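Those protein sequences? They're chains A and B, same order as listed. Take the first sequence: its position 45, counted from the start at 1, is 126 in my numbering, and no numbers get skipped. Take the second sequence: its position 67, counted from the start at 1, is 675 in my numbering, and no numbers get skipped. A virtual CB, placed ideally from N, CA and C, is assigned to each residue, including glycine. Here the structure is a predicted model, which is why all the values come from computation and not from measurement. Here is the structure we will look at, set down as structure tokens.
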Amino acid sequence: MLAAVFRGAGDIDVVELPDPVPGPGEVLLQVKACGICGSDVGAYKTGMYEPGIVIGHEIAAEVLEVGPGVEGWAPGDRATVNGVIPCGRCYFCRHGRPSLCEEVLMPGVNMNGGMATRMKAPAGALHHIPESVDDHAACLIDPLANVLHGIRRSRFKPGDRALVLGGGPIGLLTVQCLKLAGARAVYLSEPSPPRRRAGGSVGADAVFDPLAENLYIRLDELTEGEGVDFVFECAGVPATLKEAPMLVRKGGQVVILGICEEPVESDFMTVVLNEVEILGSYCGPEEYPAAITYLARGQVNPQSVISHVIPLEDLVSKGFEALAAPMPEPLKVVVEMPAR
Amino acid sequence: MRFGSWEYLVEVQRRTNADEKYRELAKDEHDSYTLVLEPEPAKGVERRIVVGFRVDGGEISEIWEGERPTDFTLSGPYGVWVDILVGRLGANAAFVMRKLKIRGNFLKLLKGADSTQRWLEILRTIPTEFEGVYARDNLPGREA
Ligand SMILES: [Zn+2]
Numbered sequence: 082m083l084a085a086v087f088r089g090a091g092d093i094d095v096v097e098l099p100d101p102v103p104g105p106g107e108v109l110l111q112v113k114a115c116g117i118c119g120s121d122v123g124a125y126k127t128g129m130y131e132p133g134i135v136i137g138h139e140i141a142a143e144v145l146e147v148g149p150g151v152e153g154w155a156p157g158d159r160a161t162v163n164g165v166i167p168c169g170r171c172y173f174c175r176h177g178r179p180s181l182c183e184e185v186l187m188p189g190v191n192m193n194g195g196m197a198t199r200m201k202a203p204a205g206a207l208h209h210i211p212e213s214v215d216d217h218a219a220c221l222i223d224p225l226a227n228v229l230h231g232i233r234r235s236r237f238k239p240g241d242r243a244l245v246l247g248g249g250p251i252g253l254l255t256v257q258c259l260k261l262a263g264a265r266a267v268y269l270s271e272p273s274p275p276r277r278r279a280g281g282s283v284g285a286d287a288v289f290d291p292l293a294e295n296l297y298i299r300l301d302e303l304t305e306g307e308g309v310d311f312v313f314e315c316a317g318v319p320a321t322l323k324e325a326p327m328l329v330r331k332g333g334q335v336v337i338l339g340i341c342e343e344p345v346e347s348d349f350m351t352v353v354l355n356e357v358e359i360l361g362s363y364c365g366p367e368e369y370p371a372a373i374t375y376l377a378r379g380q381v382n383p384q385s386v387i388s389h390v391i392p393l394e395d396l397v398s399k400g401f402e403a404l405a406a407p408m409p410e411p412l413k414v415v416v417e418m419p420a421r
Numbered sequence: 609m610r611f612g613s614w615e616y617l618v619e620v621q622r623r624t625n626a627d628e629k630y631r632e633l634a635k636d637e638h639d640s641y642t643l644v645l646e647p648e649p650a651k652g653v654e655r656r657i658v659v660g661f662r663v664d665g666g667e668i669s670e671i672w673e674g675e676r677p678t679d680f681t682l683s684g685p686y687g688v689w690v691d692i693l694v695g696r697l698g699a700n701a702a703f704v705m706r707k708l709k710i711r712g713n714f715l716k717l718l719k720g721a722d723s724t725q726r727w728l729e730i731l732r733t734i735p736t737e738f739e740g741v742y743a744r745d746n747l748p749g750r751e752a
């Protein structure tokens, strides 16, 4: 098989590897397409993944072969692989928190993932992809599940107002999901002009350029001085993380979906005086079925988020290098696997 | 001159930068500010005034009208700003009592209390006319 192997910071190779063989309870997949996630780009910049691993966890695939004892799956079935494969036995699994599992397997992070022509996965980690979800849209199941997890963990209720920081794929999906969830208004702040336009097209009620506009004044105007109930931090950069607690109204909640590898200074006096809640959210293993349903019903628009489809051979030049730029031009990059 | 007008800002910059005491107190400050004076139509203040400036090592290096992203954004009703300027309300009290909405590093603002005090003293020397009912507080000022 052809596979994209992570070697370290700035070093990803597409190489020939032996095809995996499915063991008991496992399935061999032919991968059709795989998305590049922001965390993959983070690893490309910082080196945080396990060296030697095949990357990729936003997977659209077809079953090629089932191992002994696998039920409910047959060759030809379309499938995606959950980005979190919890152990089911640890404290957190037993207490309903699979995203915190102590023995978690994460395809493309600590086990071989789907940026390859072949992949093997435990059958229990697979989800069927319905006909109405094409291979490109299926690459959004994982990021969409992430977003749904964050909203479900928050105190968000219909009628609330929210500000989304960062108009990358996660930010744009957050805007759409908050609208679906009944937000009174959703605002987006994003420095890049094409991403701001994308924000408008997915239904943001107002879109701000944080490099040119004073967000406090804008929000005061739009909310008659009441402020936003929620800030969803989807950029994962120090500037937005630092600012987030000051942008939410008193008693509001800041939900952090963006991953920032470096520590950030912020004003915790404002957090205390304003009784601001800060909430982290990671992955969304339990939200996969809901994400699939939203895509199948067309309630989330994949075209608004997928900006580039590239072949595997261009993975580094047109994928990672473009996404690692300071103000990246692409949104979601989907990589198509060669048919072999 | 009209409180918050361009002419007023120019005078603020001129008098501030000429003041040795302020320059010394604010010598470590490098921050940009937006001040929002909210209208109070019932009191004859019809329009919102938004101004900004930047302090660099004890000097006001730049002034502007309108919005920009800045390190600090302080907003409040026109009358609260008048109260602070004429000395009826202490600046720190306004911060702590949340008479002003403050966005930015709160501690830095409190630590800069001495330079803020001196700055207000400088501002009080500017002949100043206020809007609406606040005309009763007009400051005669004196030559710099
Ligand atoms: Zn576990």
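If you follow the alpha helix (DSSP H) that aspartate 722(B) is part of, which residue opens it and which one closes it?
721-732
Residues of the region 657-681 of chain B whose Cβ lies closer than 8 Å to any Cβ of chain A, in chain order:
Val658, Glu675, Arg676, Pro677, Thr678 and Thr681
Less than 7 Å between C-beta atoms, sequence neighbours within five positions excluded: which residues of the same chain meet that for valine 345(A)?
Pro319, Leu322 and Lys323
Close-in-space but distant-in-sequence residues of the same chain around glutamate 146(A) (CB under 8 Å, 5 per side omitted):
Pro103, Val108, Leu109 and Pro156
Out of Lys399(A), Gln384(A), Leu396(A) and Glu402(A), which has the shortest C-alpha to C-alpha gap to aspartate 216(A)?
Gln384(A)
Regarding glycine 169(A) and ligand 1, is the C-beta to nearest heavy atom distance less than 8 Å?
yes
So if I threshold CB-CB distances at 8 Å, which residues from the region 282-297 of chain A count as touching chain B?
Pro291, Leu292, Ala293, Glu294, Asn295, Leu296 and Tyr297
C-beta atoms of isoleucine 298(A) and threonine 624(B) nearer than 9 Å
no
Heavy atom of ligand 1 within 8 Å of valine 435(A) beta-carbon
Because residue 435(A) is not part of the residues shown, which for chain A are 82 to 421, the question remains open.
Under the rule that 16 or more other beta-carbon atoms within 10 Å means buried, what is lysine 331(A), buried or exposed?
exposed
Under 7 Å Cβ to Cβ from glycine 749(B), same chain only, skipping five residues before and after it: list those, please.
Thr733, Ile734, Pro735 and Thr736
Tell me, which residues are paired with glycine 361(A) by DSSP?
Ile337(A)
If you draw a straight line from the C-alpha of valine 336(A) to the C-alpha of aspartate 223(A), how long is it?
18 Å
Alpha carbon to alpha carbon, how far is isoleucine 359(A) from phenylalanine 349(A)? Give it in angstroms, no decimals.
11 Å
Within the region 196-259 of chain A, ranges of the beta strand (DSSP E) (whole runs, at least 3 residues):
199-203, 207-209 and 242-246
Identify the continuous beta strand (DSSP E) that holds arginine 88(A) and give its terminal residues.
83-89
List the residues of chain B that methionine 327(A) touches, going by C-beta distances under 8 Å, in chain order.
Arg711 and Gly712
For isoleucine 373(A), three-class secondary structure by DSSP
helix
Does ligand 1 have even one heavy atom less than 8 Å from the beta-carbon of phenylalanine 173(A)?
yes
Other residues of its chain near alanine 721(B): CB distance less than 6 Å, five sequence neighbours each side excluded
Asn700
Can you tell which of Glu143(A), Tyr268(A) and His138(A) has the C-alpha that lies nearest to the C-alpha of glycine 420(A)?
The amino acid occupying residue 420(A) in the given sequence is alanine; glycine does not appear at that position. For alanine 420(A), the nearest C-alpha among the options comes from Glu143(A).
Rounded to a whole number of angstroms, what is the C-alpha to C-alpha distance between glycine 133(A) and arginine 277(A)?
37 Å
Glutamate 368(A) classed as buried or exposed, judged by whether at least 16 other C-beta atoms fall within 10 angstroms:
buried
Please confirm whether any heavy atom of ligand 1 lies closer than 8 Å to the CB of proline 366(A).
no
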